Amino acid sequence: MKIAKQTVDHVANLARLYLSEEEKAEMTEKLNSILDYMEKLNELDTTNVEPTAHVIPIKNVFRQDEVRESLSLEETLKNAPDRDGSFFRVPRVIEE
Amino acid sequence: MELYRLTIHEAHELLMKREISCEELTRALFDRIRIVDYAIRAYITLDEDGALQKSRVLDERGDFTHPLAGIPAAVKDNICTKGLKTTCASKILENFIPPYDATISARLKSRDAVIMGKTNMDEFAMGSSTENSAFFATRNPWDTGRVPGGSSGGSAAAVAADECIYAIGSDTGGSIRQPAGYCGVVGMKPTYGRVSRFGLVAYASSLDQIGPITKDVTDCAIVLNAIAGHDRMDSTSADMPVPDYTLSLKPDVSGMKIGIPREYLGEGIDGEVRHAVLNAAKTFENMGACCEEISLPHTEYALWAYYIIAPAEASSNLARYDGIRYGVRAKDYSDLIDLYKRTRSEGFGAEVKRRIMLGTYALSSGYYDAYYLKAQKVRTLVKKDFDRVFEKYDFILAPIAPTAAFRIGENTDDPLKMYMNDVCTIPVNMAGLPGISIPCGFSGGMPVGLQIIGRPFDETTILQAAYAFEQATEYHLKKPCIEAGGHAAFSRDNRCKHSSDFTEREIGVDLGAPQDECVKRRNVPNGKGVKA
């Protein structure tokens with residue numbers, strides 16, 4: 064199985080990227096390399112192997128739901144590319 | 005006295021004795037930066053005013069009890085520093101001023117560290133040469149025609165060029181250890197979970213770890229003491245006791261068992277690098293340790309699994325750069341989706357886009373189980389390899405890279421070399437282990453790094469081994485001569501010694517002595533082994 068250019072277009076859309084034709088050609092090649100990695104990994108039988116998400120024995124870390132200080136509105140919005148008062152401003156998303 | 009050359013423990017002692025002021029020390033470093041950084045380009049952002057102001061406050065208060073108090077440091081530019089630009093060496097964050105401190109920044113500040121600025125890196129930590137910065141490439145202080153390694157290349161180069169006393173880096177697949185090796189300094193990736201990553205711009209969250217880059221092993225222990233420990237803001241930080249790492253600075257490895265993995269010294273490893281590593285093994289044996297060849301049979305698979313896991317996690321982590329809440333937004337757009345796409349396409353560099361695409365594909369509908377889950381299962385096997393070895397051995401010795409630093413622009417197309425490059429560092433991240441790189445020799449005049457890998461949460465043993473090696477050798481005392489060497493024709497400081505003044509006898513083992521590079525032994529006020 065080879066990855067087609069159509070797949071690259073689909074993945075680029077999922078990743079929210081525009082790619083030039085040149086980039087698309089390169090990405091097609093790169094995505095195909097994943098298949099090579101998988102071929103290698105599939106040499107190993109992992110039927111009874113548990114996956115390791117990360118290596119330390121920590122699961123479900125809970126904390127009390129307490130009110131604590133957080134960033135002020137002003138600090139939070141300081142880096143916004145566009146704002147309107149106390150809101151992040153984005154292009155219209157709801158059709159009229 | 006050249007204050008910029010001091011280590012943390014040396015500067016600490018002088019500050020305690022009031023022989024120098026923090027302001028003098030800080031000024032000496034900024035003066036140094038003015039002289040050498042045009043050739044090295046280690047920093048993206050400098051905060052001279054902030055650092056000097058802090059130094060004066062500290063001088064007035066006069067309390068330098070903590071070993072990091074008043075010591076100027078550089079921080080990699082993917083670690084948030086409140087009020088100080090943090091770009092990740094990416095155009096998409098080139099205007100980002102964090103409204104909060106990463107936990108590590110806050111910890112350093114609470115110990116009265118003086119933060120001088122932010123260091124260059126490969127964009128979003130993706131790369132191993134620092135050529136991948138969206139702004140400029142950093143150069144290796146030992147030869148400015150060569151790369152400093154990466155992705156923490158700015159941090160390693162700043163330490164090697166004495167543009168800071170120590171630096172902080174991050175390591176996802178070798179990004180602290182490899183540049184430390186290339187620049188001839190000490191760099192440690194602590195155990196996964198040892199140091200909080202709250203405020204570190206995430207690359208691959210199951211692999212990323214923050215750690216110190218320093219001039220010697222004593223300094224490494226001092227910095228680790230300050231940054232290790234649980235943090236409620238990072239639920240993947242381990243709630244485990246943190247030992248005093250400076251207590252592990254004992255030059256004693258007698259009776260220790262050392263494993264040398266044959267997979268790490270295979271074909272593709274440069275002869276001089278192999279020689280330096282095997283010489284290091286001999287040094288350990290002379291100190292009473294016992295070295296044996298071992299095997300980590302899943303080494304190759306660790307790489308294939310990493311090539312799935314790292315981009316997958318990156319694609320998810322980098323989804324947040326959308327031009328809405330912070331960062332740079334594209335100028336022209338027709339609707340929201342167009343805004344996202346233009347912002348990301350203009351803001352991310354080629355390598356970042358590549359990895360986002362790979363990761364998005366690996367995680368896309370229908371592929372998760374076949375790719376990511378399979379890779380995580382393989383990861384279990386990789387970890388078991390190491391578990392088995394550590395039942396019998398105290399630590400592992402390996403090279404940090406197959407060659408010394410390569411030339412800028414020299415993208416190797418030798419697949420064997422590329423493969424060995426990843427073999428040396430990536431499995432350690434996959435298994436979450438602590439690893440340290442220390443100088444162990446030279447190849448063609450460039451430093452060679454020795455990697456010491458330890459059991460999970462046993463930074464103590466690798467620090468002890470590294471310290472013992474450092475005490476038995478003098479590689480860490482050699483310094484690049486930026487002013488006279490490489491491509492930076494600068495003669496302001498002409499006191500650099502030539503390699504002919506620095507005999508092999510002094511070093512103890514075969515150096516592969518540099519031909520043209522200047523080398524210099526530091527004049528240390530209080531000798532070595534000063535505990536802090």
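Residue numbers (the working numbering), protein chains in the order written: chain A, 64 to 159; chain B, 5 to 536.
A virtual CB, placed ideally from N, CA and C, is assigned to each residue, including glycine.
Here the structure is a predicted model, which is why all the values come from computation and not from measurement.
Check your understanding: Around the C-beta of residue 414/B, are 16 or more other C-beta atoms found within 10 angstroms, so that it is buried, or is it exposed?
Key -> exposed
Check your understanding: Mind checking whether residue 393/B and residue 298/B have CB atoms under 8 Å apart?
Key -> yes
Point to revise | Cβ of residue 116/B within 8 Å of any chain A Cβ | key: no
Check your understanding: Is there a Cβ from chain B that is less than 8 Å from the Cβ of residue 145/A?
Key -> yes
Practice item. With a 10 Å radius around its C-beta and 16 neighbouring C-beta atoms as the bar for buried, classify residue 100/B as buried or exposed. Key: With 16 or more other CB atoms across the displayed protein chains lying within 10 angstroms of its CB, residue 100/B is buried.
Practice item. Return the CA-CA distance between residue 539/B and residue 463/B, expressed in angstroms with no decimal places. Key: The question about residue 539/B has no answer, for chain B in this structure spans 5 to 536.
Review point. Between residue 375/B and the rest of its own chain, which residues show a CB-CB distance below 8 Å, the 5 nearest in sequence each way excluded?
Key: 312, 316, 366 and 367
Check your understanding: Excluding five sequence neighbours on each side, which residues of the same chain lie with their C-beta closer than 7 Å to the C-beta of residue 111/B?
Key -> 230 and 231
**Study point:** residue 494/B - DSSP class collapsed to helix/strand/coil
**Key:** Its pLDDT being 33, under 50, residue 494/B is placed unreliably in this model, and the value from its coordinates should be taken loosely. It is coil, neither helix nor strand.
Review point. Would the beta-carbon of residue 238/B fall within 8 Å of that of residue 201/B?
Key: yes
**Study point:** Given residue 354/B as reference, the closest of 80/A, 67/A, 105/A and 72/A once Cα atoms are compared
**Key:** 80/A
Practice item. Starting from residue 101/B, find everything on chain A with Cβ-Cβ shorter than 8 Å and list it in chain order. Key: Residues of chain A passing the Cβ test: 141 and 142.
Check your understanding: Grouping DSSP H, G and I as helix and E and B as strand, with all else coil, what is residue 96/A?
Key -> Per DSSP, reduced to three states, the secondary structure at residue 96/A is helical.
Point to revise | C-beta atoms of residue 294/B and residue 254/B nearer than 8 Å | key: no
Exercise for review: Using a threshold of 8 Å, state whether the C-beta atoms of residue 452/B and residue 289/B are closer than that.
Suggested key: no
Practice item. Note down, in chain order, every chain B residue with its Cβ under 9 Å from the Cβ of residue 136/A. Key: Under the 9 Å cutoff, chain B gives no residues; its nearest Cβ is about 11 Å from residue 136/A.
Review point. Thinking just about the alpha-carbon of each residue, which of 72/A, 101/A and 107/A is nearest to the one in residue 90/A?
Key: 72/A
Practice item. Entirely within the stretch 423-474 of chain B and at least 4 residues each: give me those alpha helix (DSSP H) ranges in chain order. Key: none
Check your understanding: Any beta-carbon of chain A closer than 8 Å to the one on residue 9/B?
Key -> no
Exercise for review: Starting from residue 239/B, follow the beta strand (DSSP E) in both directions and report where the run begins and ends.
Suggested key: Per DSSP, residue 239/B belongs to no beta strand (DSSP E) and is neither H nor E.
**Study point:** Whether residue 195/B touches residue 484/B by CB criterion (8 Å)
**Key:** no
Point to revise | Status (buried if at least 16 other CB within 10 Å, exposed otherwise) for residue 115/B | key: buried
Check your understanding: By Cβ distance below 7 Å, which residues in the same chain neighbour residue 307/B in space, the five residues on each side in sequence not counted?
Key -> 426, 427 and 430
**Study point:** Best match in 44/B, 151/B and 136/B for proximity to residue 3/B [C-alpha to C-alpha]
**Key:** Since the first and last residues shown for chain B are 5 and 536, residue 3/B lies out of range.
**Study point:** the stretch 40-48 of chain B touching the stretch 158-173 of chain B, judged by at least three CB pairs closer than 8 Å
**Key:** The answer is yes - the stretch 158-173 of chain B touches the stretch 40-48 of chain B, with three or more Cβ pairs under 8 Å.
Point to revise | Residues bridged to residue 297/B (per DSSP) | key: 264/B
Check your understanding: Hey, quick one: how far does the alpha helix (DSSP H) through residue 354/B stretch, first residue to last?
Key -> 354-367
Exercise for review: Out of 219/B, 205/B and 267/B, point me to the one whose CA is closest to residue 318/B's CA.
Suggested key: 205/B
Practice item. Spell out whether any CB of chain A is found under 8 Å from the CB atom of residue 291/B. Key: No - not a single Cβ of chain A is within 8 Å of the one on residue 291/B.
Exercise for review: Return no unless some Cβ of chain A is closer than 8 Å to the Cβ of residue 6/B.
Suggested key: no
**Study point:** Buried/exposed call for residue 268/B, threshold 16 Cβ in 10 Å
**Key:** buried
Review point. Does residue 324/B come within less than 8 Å of chain A when only Cβ atoms are used?
Key: Cβ-Cβ to chain A under 8 Å: no for residue 324/B.
Practice item. Could you tell me which of 150/B, 296/B, 113/B and 348/B sits nearest to residue 360/B, measuring between CA atoms? Key: 348/B
Exercise for review: Kindly list, in the order they appear in chain B, the residues whose Cβ is closer than 9 Å to that of residue 151/A.
Suggested key: 328 and 329
Review point. Hey, does residue 513/B have any beta-carbon neighbour from chain A nearer than 8 Å?
Key: Below a pLDDT of 50, predicted positions are generally treated as unreliable, and residue 513/B, at 30, falls in that range; the measurement from the model is reported next regardless. Output row for residue 513/B: interface = no.
Exercise for review: Check distances from the C-beta atoms of the stretch 103-120 of chain A to those of chain B and list, in chain order, the residues that come in under 7 Å.
Suggested key: Taking 7 Å as the Cβ-Cβ cut-off against chain B, the residues of the stretch 103-120 of chain A that qualify are 103, 104, 107, 109, 112, 113, 114, 115, 116, 117, 118 and 119.
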